[in-house]
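Heads up, the thing below is written out as structure tokens.
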Amino acid sequence: MRDFPPLRCVHTFEALARLMSYRLVIEELGIGRVAINSQIRLLERELGVDLFEKERPHRLTPVGLQYFKAVSVAFDAFRDATAEITESRRARRLQIRADVTFSRYWLAPRLREFHSSNPGVQIVLDASGGPVGLSADAAIHFAPFARTDLCCERVFRNLITPVCTPQYLTEHAALTRGETAAFRDCTLLCTLPRPMDWPDWLHAAGSADFNLMRTLTYETALVALRAAKRGHGIAVVTVALVAAELAAGEFVAPYALTLDQGDATYYLTYSRSKLTMPGFSSFRDWLLSQQHSSTV
């Protein structure tokens with residue numbers, strides 16, 4: 001094996017391991033699915049190991065996870081170095097990257113409040129998700145743990161609970177009795193990025209019957225919430241994301257139990273050098289102060 005595998009293959013692996021979505025990798029790298037698979041296979045041959053599970057292609061093997069943690073640090077450092085060279089000093093203009101669900105349900109509705117107290121700061125919201133680097137000054141993303149290579153601060157506690165529309169609750173009256181067996185007559189709306197939310201919540205509620213239940217799985221929580229709003233089922237979600245919908249009665253939470261997911265939550269990540277940017281400290285302080293006013 002060569003001392004260093006082909007960089008394009010490592011880049012493709014890093015993108016697929018980070019995004020866990022062929023569609024998003026295609027959009028980010030501008031290559032097709034066949035090319036993605038070909039480069040992953042070439043990298044695996046170079047390394048002599050399997051990086052992804054063959055039966056579950058969206059899941060990393062233990063050695064794949066170890067390799068991803070190492071190369072992601074290198075690629076983030078590369079992105080930061082590139083950004084420091086190429087970015088112009090745009091006075092009080094911040095590009096914030098966040099996934100589409102967080103942007104739609106939490107951040108965008110609150111930006112008016114931020115602008116009212118910081119009228120000179122322009123926020124460019126990139127809802128494509130992805131890490132800090134290149135054009136983004138900071139990223140807000142869901143992660144199972146806080147990163148150590150960047151400044152990483154928790155935005156809020158991740159409390160999850162099932163939600164549905166009032167009409168869906170009426171049509172499935174057994175939900176109101178607080179028994180987990182009632183879910184057997186419902187459709188549980190799941191998401192690819194967070195496959196353990198439903199099993200974890202059900203386990204906390206005293207049920208191990210997830211495999212016996214009817215489910216629909218969506219690529220993002222945004223799509224799952226849209227399906228729930230249309231009455232297609234019941235979704236387990238981060239309470240803070242749907243606080244406004246719960247307050248307005250668009251969603252109801254049939255169960256009192258909320259499960260704290262601990263370190264698995266949304267984080268603000270940024271390079272320490274960003275603290276010197278005009279307006280960034282104001283945005284950071286405002287964002288972190290919101291956890292006290294969020295429904296958590």
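When we follow UniProt numbering, the leftmost residue of the sequence shown carries the number 1, and every step to the right adds one.
C-beta atoms are modelled at their ideal positions from N, C-alpha and C, and glycine is treated no differently.
If we call anything under 7 Å between Cβ atoms a contact, is residue i one with residue j?
i: Phe-210; j: Pro-199; result: yes
i: His-172; j: Cys-186; result: yes
i: Leu-288; j: Ser-281; result: no
i: Phe-52; j: Gly-64; result: yes
i: Val-237; j: Val-163; result: yes
i: Glu-28; j: Val-71; result: no
i: Thr-101; j: Leu-222; result: yes
Compute the Euclidean distance between the alpha carbons of residue i and residue j, then round it to the nearest angstrom.
i: Cys-151; j: Leu-169; result: 42 Å
i: Glu-46; j: Pro-6; result: 9 Å
i: residue 297; j: Gly-231; result: With the chain running from 1 to 296 in the structure shown, residue 297 is simply not present.
i: Gln-167; j: Ala-228; result: 11 Å
i: Thr-215; j: Ala-181; result: 15 Å
i: Ile-26; j: Ser-117; result: 39 Å
i: Phe-114; j: Glu-153; result: 19 Å
i: Leu-188; j: Val-73; result: 36 Å
i: residue 297; j: Phe-68; result: In the structure displayed, the chain extends from 1 to 296; residue 297 sits before or after that span and is not available.
i: Leu-268; j: Val-34; result: 34 Å
i: Arg-226; j: Phe-78; result: 37 Å
i: Ala-235; j: Val-242; result: 11 Å
i: residue 377; j: Arg-93; result: Residue coverage of the chain in this structure runs from 1 to 296, which leaves residue 377 outside it and unanswerable.
i: Ala-244; j: Gln-39; result: 44 Å
i: Arg-56; j: Gly-30; result: 24 Å
i: Trp-106; j: His-58; result: 27 Å
Going along the chain, which residues of its own chain have a beta-carbon closer than 8 Å to the beta-carbon of residue i, five neighbours each way excluded?
i: Leu-257; result: Thr-161, Trp-201, Ala-204 and Ala-205
i: Tyr-270; result: Val-132, Asp-137, Ala-138, Ala-139, Leu-150, Cys-151, Phe-280 and Arg-284
i: Val-239; result: Leu-159, Ile-160, Thr-161, Leu-246, Ala-253, Thr-258, Thr-295 and Val-296
i: Leu-212; result: Arg-184
What does a CB cutoff of less than 6 Å around residue i pick up in its chain, not counting 5 residues either side in sequence?
i: Arg-272; result: Cys-151
i: His-11; result: none
i: Leu-42; result: Cys-9
i: Asp-3; result: none
i: Asp-286; result: Correcting the residue type first, residue 286 is Trp in the shown sequence and not Asp. Phe-114, listed in sequence order.
i: Phe-142; result: Tyr-266
With 16 other CB atoms within 10 Å as the buried threshold, where does residue i fall?
i: residue 302; result: Absent from the model: residue 302. The displayed extent of the chain is 1 to 296, so no value can be given.
i: Ala-17; result: buried
i: Phe-156; result: buried
i: Gln-66; result: exposed
i: Arg-194; result: buried
i: Ala-208; result: exposed
i: Thr-82; result: exposed
i: Gly-233; result: buried
i: Ala-224; result: buried
i: Thr-176; result: exposed
i: Ala-248; result: exposed
i: Thr-165; result: buried
i: Gly-32; result: exposed
i: Gly-48; result: exposed
Excluding sequence positions up to five away, which residues of its chain have a Cβ less than 7 Å from the Cβ of residue i?
i: Gly-178; result: Tyr-255
i: Gln-291; result: Val-155 and Phe-156
i: residue 297; result: The structure shown has nothing for residue 297, since the chain only spans 1 to 296.
Handout entry: Inter-stretch contact (C-beta, 8 Å, three-pair minimum) for the region 114-127 and the region 91-103
Key = Contact between the region 114-127 and the region 91-103 is present, because at least three Cβ pairs lie under 8 Å.
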